[in-house]
Amino acid sequence: MGHLWGVHRMRGWANKAVWIGPLRAGIIVALIGLGGLGTSGLAAETITLKNGMVIEGSFDKLSVIGANPLGGNGPKQILLCDDQLRRIFVGTNQVATAPAPKPATTIDKFNIPQRVAVAGRHVGSVGPIVRVTPFDEWGRRIFSMNSTEGIIDIVQGITEITPTWTKVEAIQGADSYIWTMKIATSSIPRETLNKILYHHIKPDKSEDRLKVVRFYVQSERVQDARAEIAQAIADFPDLAALRPVADSLTQMAANRLIKEIELRRDAGQPALAIAMLDRFPGDGVAGETLLKVRDMLADFRAQEQSGQELMQALDAQLALVKDDKARAELTPIITEIKSNLTYHTIDRLADFSRLGGDAALSPEQKLSLAISGWLLGSGAGLDNLAVSKSLVEVRDLVRQYLLSKRKPERDAILTKLSSLEGGTPAYLAKLIAHMKPPLDATPAAFVPVDPGDLEAVLGPKAPAAAGPAPAGGAAVPAAPPAADPKPCDDEGDKGDADKKGGLLDAPALPKLPVPGIKKPADPVPVAVAVDPKPAAPISTGIPGFFELTTTGLPEEPEIKYCVQLPPEYSPYRRYPCVVTLCGSATTPQQQIDWWAGQFNPEPKARYGQATRHGYIVIAPKWNREHQRKYEYTAREHAAALYSLRDASKRFAIDTDRVFLSGHSMGGDAAWDIGLAHPDVWAGVIPIVATADKYVTRYWENAAYCSFYFVCGEKDSNKLALNSVDWDRYLRHTGYDTMIVQYQGRGHEHFHDEVQEIFKWMNLHVRNFFPREYTTYTMRPWDSFFWFADVSKLPPASIVLPAEWPKTATPCKVDVQVLTSNAVRVTTGADKVTVWLAPEIVNFESKVTVTINGRRQLNITPSNQVLLEDVRTRGDRQHPFWAKAEN
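Position one of the sequence shown corresponds to residue 47 (the working numbering), numbered consecutively onward.
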């Protein structure tokens, strides 16, 4: 019972996030009262969407989002939120709560004098970016972009800085331009920002210094605020009364560290969480916080102790088995359990832990509980050793089946499975869900961040990510707005752990040894996995980063793709995943960097948001060499879909939390592929994408897939170009769509938005078994929708990419799951296969499938159907047990 109690306590913490709003407000009030400088109040409203996303700003209602939105006719079904950096569009039908006033907050602004151009040519559209230099200490940089006149260099200057956004304007010069844009203040490196601020205050005035402190508090840069107030108190003895404020900042920093630890723990990084807890600073931190730290450590240690006791109990029960032959047969599976017992898998032995001390059970029965729980999952323990031993053999045969390239071999395995007690679809489904990926690539162990260096974890030295460049342009250098933000919590803490005056400089709590249940193995060579087309992952020298190949379409070359695994990756834990598509002038490796952060060779780690949140990132090489536009072809779809399928067979991907994204041309592809295959994705994130061709004809498919669009106000009038489709998504009931437009920005990669994107993704999970849906298709390869597979489309419905804009009526696929334990499919396609699972129908009763008016009866589960489905689709969470076809 001990370790189960610990697990439940840990899960409970997830709902106890630290709220620091009142503490921060109190600090600001104290600084205003003692500092003597006034601040401006900012009024805003907040709403919560039905998907759980919270947005805040000034709200208005529109009828359309295209040209002259305020002058549109008709009902105003679109909600516009302006947060002064972005404009966010959502449908009024997506709102769960009406806009509510948010308490006015105090905001410090810094106005930076610049020679802003007042006459010249207006920048109506921002062309492909060539180069962006870093801001200098005076807040100036050079922005170079392509135009019809060639490369244009525009000198920009920061004219206003607020805690959340910074205004940048074109500076007067020989060729003057009128251009205003906004970037996230968090995208400006702290060293640069500090120099700019100090150039525009009077450092010898305490009021100005306190304004900087307030600004950093409002910006959530807690460590910078602590360093500033400590220095201010040292320079101005009359500010000694602010020492309690400095103490409050220490507490705020401690609260933030707790949130980061909780995030890492929940992302499947227990070793890192333990290391952070073990070095948690104690000086100046509230006793309640320290008690929470000790409780968290105690729970981890309780799990560690439980793990050690469970392994000893397994050995003890095995020794009590009197029959030597039986004991020898059980030894390999017991060794497997002990070798793989970690924080991720300890709950599988819940039944063994609960009943291990029951004197009424024999050693064989207790071991059976352990073995069956290990194979089938927590709560599925069986006390029949014969069945449990059968399950071990079934599991091994299933792996052989999934790896086999020859049909006769697979048929022989099916025959053998039918003779085993555990060889039923119900057992097979559970075994497959809990086994390691069949194409176990045995990746080299992920080298963790040095657990003694919490500053490395929080990322003060994280390099800026180059990031994907716009189509037609070179990679943008490490400069705002392309900077890679330091790891931060969801409230926007931009890497405030500074080596000087940082929270980590405070005396730490006494160190206690907190080993993991299993010590991480030393790096091992990558093994060649058995694959339908053998291709071992190529180790790149970066921990967890691999280059792989998989079979493409007939007569097409192999598909190459990159994968980045998160820290402390375990094949027994399911991870959310992002499939990301590069633009025309960027690479899959740059897409990995955008999501997971650039690799830092010193601590051997990445600092991006995918790393922090525990996401696997897949980046296919989906486009041809020198390809400049998305072509809407089967080859391009296969690159995304086949890469995901191959990766799902190799790595522990949570197939209900897979997201598709892309930049520029890759964004165009993501939009189309998302609509064409809505059953695959938990959400789609097209960045600077344009609607064209099939996107405009498949728009109704968006009712079944969530979309998050990001664009720039000056990106070739993107809002107007996409307005027809976006208006449809926003005005129709049931669509989950958000559109984010950055003010004054053009065709770029928008790393400013990555934290908000992760907030959105963390709220979305795929529903793979909808009870009713209607989708549309015009291409032969857009044929699979959840559990209905259609082919032989009517010729009048087919339009191949090369035939566009041929007129055609899309083929409709209408599917209903009826309360009578039946499924009905109506479509214009001649060939239909309906795949069935227990989530759709009850196999213990009569199942009826009606396809285009014809009824199919006597449908029963089949081992062959289930195993072939897993072997081909790679989805181990939702295998189909049976099928019906006309």
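Glycine included, C-beta positions come from ideal geometry on N, C-alpha and C.
By the Cβ criterion, the region 142-162 is in contact with the region 250-264, since at least three pairs of Cβ atoms, one from each stretch, lie closer than 8 Å. Using a C-beta cut-off of 8 Å, the region 305-320 makes contact with the region 653-667, since at least three inter-stretch Cβ pairs fall below that distance. Apart from sequence neighbours up to five positions away, the residues of its chain that approach serine 190 with a beta-carbon distance below 8 Å are Ile175, Val176, Arg177, Val178, Ile197, Ile198, Asp199, Ile200, ordered along the chain.
Residue nearest to cysteine 628 within the set Trp640, Val367, Asn139 is Trp640 (criterion: CA-CA distance).
Glutamate 102 carries a strand assignment under DSSP once its states are collapsed to helix, strand and coil.
A direct Cα-to-Cα measurement between arginine 132 and threonine 226 gives close to 13 Å. When beta bridges are read from the DSSP output, asparagine 646 appears opposite Ala651. Take the alpha-carbon of arginine 186 and the one of lysine 248: they are about 20 Å apart. Excluding residues up to 5 positions away in sequence, Arg691 lie with their Cβ nearer than 7 Å to the Cβ of arginine 919 in the same chain.
Just so you know, the alpha carbons of glutamate 602 and proline 647 end up roughly 36 Å apart. Following the DSSP letters along the chain, one finds methionine 227 inside the beta strand (DSSP E) bounded by residues 226-230.
In the three-state DSSP reduction, proline 327 falls in the strand class (E or B). Around the beta carbon of glutamine 637, 16 or more other beta carbons sit within 10 angstroms, so the residue counts as buried. Residue nearest to glycine 137 within the set Trp881, Asn301, Gln610, Asp773 is Asp773 (criterion: CA-CA distance).
Within the region 101-189, no complete alpha helix (DSSP H) segment of 4 residues or longer occurs. Distance from the CA atom of serine 769 to the CA atom of lysine 96, rounded to whole angstroms, is 23 Å. Under the three-state reduction of DSSP, phenylalanine 592 is assigned to strand.
DSSP assignment within the region 655-710 yields the following whole beta strand (DSSP E) runs of 3 residues or more, N-terminal first: 662-666, 699-709. Contact between the region 715-730 and the region 783-791 is absent, with fewer than three C-beta pairs closer than 8 Å.
For glutamine 269, no beta strand (DSSP E) segment is defined; the enclosing uninterrupted segment is the alpha helix (DSSP H) at 268-281. Using a Cβ distance threshold of 9 Å, aspartate 876 and lysine 929 do not count as a contacting pair. Put simply, the backbone Cα of valine 887 is about 9 Å away from that of threonine 865. The DSSP-derived three-state label of methionine 481 is coil. Residue pairing from DSSP leaves alanine 416 without any beta-bridge partner. Residue environment analysis places lysine 368 among the exposed positions, since fewer than 16 neighbouring C-beta atoms fall within 10 angstroms of its C-beta. Within the DSSP secondary-structure output, threonine 872 pairs in a beta bridge with Asp860. Straight through space, the alpha carbons of alanine 276 and arginine 289 are spaced by roughly 8 Å. In the structure shown, the three-state DSSP call for glutamine 354 is helix. CA-CA distance, proline 283 to proline 159, rounds to 31 Å. Threonine 779 counts as exposed, since fewer than 16 other beta carbons sit within 10 angstroms of its beta carbon. Around the CB of threonine 879, 16 or more other CB atoms lie within 10 Å, so the residue is classed as buried. With distances taken between CA atoms, leucine 882 lies nearest to His924 out of Ser843, Gly899, His924, Thr853.
Taking a contact to require three or more Cβ pairs closer than 8 Å, the region 140-150 and the region 796-804 do not qualify as touching.
Going by DSSP, aspartate 199 is part of no alpha helix (DSSP H) but of the beta strand (DSSP E) stretching over 196-207. According to the DSSP assignment, valine 624 belongs to the beta strand (DSSP E) that extends over 621-627. Bridge partners of glycine 758 according to DSSP: Tyr788.
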